[in-house]
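What follows is a single structure, written as structure tokens, with notes after it.
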Amino acid sequence: MQHKETKNKPAYFYPVKLLFLLIFSVLCAVTPVVAQNKTVTLVIDPGHGGDDPGHLPNNTNLLPEKDLNLKIAKYFGGYIEKYLQNVKVVYTRTTDTYPSLDDRVDKANNLNADYFISIHCNGNERTSVRGTETHVHSMSLKNSVEWAKAIENQFSKRAGRKSRGVKDKRDLQHSLQVLKFTNMTSVLVECGFLTNDAEAAYLNTSYGQEIIASAIFRAFRSTIESQHPSTAFRKSASSTNTDTTASTNSTEKKFAIQIASSKSPIDPKKDPQMRKLDLAVIRKELNTSSAYKYIYLAGSFDSKDDAKQALEGVKSSGFRDAIIVSK
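Numbered continuously in numbering that gives the first Met the number 0, the sequence shown closes out at residue 326.
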């Protein structure tokens, strides 16, 4: 057996080594440790696509699942790009194409991604069934379960949806390939049932898609902040262009919900009640002799029907006198 050669050390070696260790220890004690930001990679997978439409609504005038998945995915990714830093977003598809399940898994694994989310809409033979679900491969996967619970909590508490809870392979009685074979923290979200007429109509509105996406966004943000506490993920307010005063661009869409008026200006970003809303709120100054010189508009909608669907949620949040107004 060959042994590594051991050489005798000179007589002065040990004192020098001890002196070096002493100096190194002192430097470590006085040198502050600087936290390093970590860039996390998120893969967003809009389910189905191409020749695979996914679930279909009962109303043929409404969009199939594949289109809704893509819209919600892009809203979600857009919120990340606007409000977060140190997050790299990658999509498995950005158009009406169909990557195979193997392609989706391989893309995430080859990127060595930190997080993977597959976005879907549900279906059931019983048209009365409704609500959201978030799936993980196994309840033993702590990080995935934490993320899934955060999503369902946001759906229920902030978005006003019915949550059917977090589920895994035991509930389905089979595994989901994109959860089983991805090597990172992974979830699959079911945003609602297209076979339920009310939910299908809701998911076909830009308002509904934005609410669902914003709930997923908040859950993702809280999850990465919990799992990577040394990284600063939130962009500064100035970098996100969050000026709350109405601008000329606020008239691009036709309708909004007026939630309040005031004599003196109120900052919607600081008002506790306005911050509870899942809609962007802007302040508009009126050219009037009335004592009430400011009004506050929530949301921006293409049609009055979209605004009506949002109005109920606004009233239930405490703005009982809210009304729909033309912009």
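For every residue, glycine included, the Cβ atom is placed at its ideal position computed from N, Cα and C.
1. Distance, Cα to Cα, residue 155 vs residue 162?
2. To the nearest angstrom, report how far apart residue 334 and residue 320 are at their CA atoms.
3. Take the Cβ of residue 213 as the centre, count every other Cβ of all protein chains shown within 10 Å, and call the residue buried at 16 or more, exposed below.
4. What beta strand (DSSP E) runs, 3 residues minimum, are completely inside the stretch 136–210?
5. Quick check on this structure: which residue in 140, 136, 57 and 299 has the alpha carbon closest to the alpha carbon of residue 124?
6. Mind listing, in chain order, the continuous alpha helix (DSSP H) runs of no fewer than 4 residues lying wholly within the stretch 255–315?
7. Please state whether DSSP places residue 104 in a helix, a strand or coil.
8. For residue 57, which of helix, strand or coil comes out of DSSP?
9. Relative to the C-alpha of residue 179, which candidate in 195, 83 and 168 has its C-alpha closest?
10. How long is the line joining the alpha carbons of residue 232 and residue 219, rounded to whole angstroms?
11. Within its chain, find whatever has a CB closer than 8 Å to the CB of residue 243; leave out the 5 residues flanking it on each side and keep chain order.
12. Which residue marks the beginning of the beta strand (DSSP E) containing residue 85, and which one marks its end?
13. Return the chain-ordered list of same chain residues with a C-beta closer than 6 Å to the C-beta of residue 69, the five sequence neighbours on each side being excluded.
14. On a Cα-Cα basis, can you pick out the residue from 317, 135 and 203 that is closest to residue 175?
15. Does the beta-carbon of residue 130 have 16 or more other beta-carbons within 10 angstroms, so that it is buried, or is it exposed?
16. Following a CB-centred definition, is residue 261 positioned closer than 6 Å to any heavy atom of the ligand SAH?
17. Here's the rule I'm using: 16 or more other beta-carbon atoms within 10 Å means buried, otherwise exposed. How should residue 229 be labelled?
18. Exposed or buried, residue 255, counting other C-beta atoms within 10 Å across all chains shown (16 or more means buried)?
19. Identify the residues that DSSP records as bridge partners of residue 48: which are they?
20. Answer with buried or exposed for residue 153, where buried requires no fewer than 16 other C-beta atoms within 10 angstroms of its C-beta.
21. What are the boundary residues of the beta strand (DSSP E) that residue 114 is part of?
22. Can you list, in chain order, the residues of its chain with a C-beta nearer than 7 Å to that of residue 110? Leave out the 5 residues immediately preceding and following it.
23. Would you call residue 322 buried or exposed, if buried means 16 or more other Cβ atoms sit within 10 Å of its Cβ?
24. Relative to the C-alpha of residue 120, which residue among 208, 300 and 137 is closest?
25. For residue 327, which beta-bridge partners are listed by DSSP?
26. Using the beta-carbon count (16 or more within 10 Å), is residue 173 buried or exposed?
27. Measure the alpha-carbon distance for residue 48 versus residue 92 and round it to whole angstroms.
28. Grouping DSSP H, G and I as helix and E and B as strand, with all else coil, what is residue 133?
29. Using the three-state DSSP reduction, which class does residue 40 fall into: helix, strand or coil?
Short version:
1. Whole-angstrom Cα-Cα distance: 6 Å.
2. Outside the shown range of the chain, which is 0 to 326, sits residue 334, and nothing can be said about it.
3. buried
4. 162–166 and 184–192
5. 57
6. 271–274 and 303–315
7. In the three-state reduction of the DSSP assignment, residue 104 falls in the helix class, which pools H, G and I.
8. coil
9. 168
10. 11 Å
11. Bear in mind that a pLDDT of 38 at residue 243, under 50, signals an unreliable position, so the model cannot answer this.
12. Counting along the chain, residue 85 falls outside any beta strand (DSSP E), and DSSP gives it neither H nor E.
13. Here the set comprises 45.
14. 135
15. Around the beta carbon of residue 130, 16 or more other beta carbons lie within 10 angstroms, which makes this residue buried.
16. Of ligands this structure carries none, so the ligand SAH is not represented either.
17. A residue is called buried when at least 16 other Cβ atoms come within 10 angstroms of its Cβ; residue 229 does not meet this threshold and is exposed.
18. buried
19. Answer by DSSP bridge pairing, in chain order: 51.
20. So residue 153 counts as buried.
21. 114–121
22. Setting aside the 5 residues that flank it on each side, residue 110 is surrounded in the same chain by 40, 42 and 89, each with a C-beta closer than 7 Å to its C-beta; the list follows chain order.
23. exposed
24. 208
25. Here the chain comprises residues numbered 0 to 326, so residue 327 is not present and cannot be evaluated.
26. exposed
27. 8 Å
28. strand
29. strand
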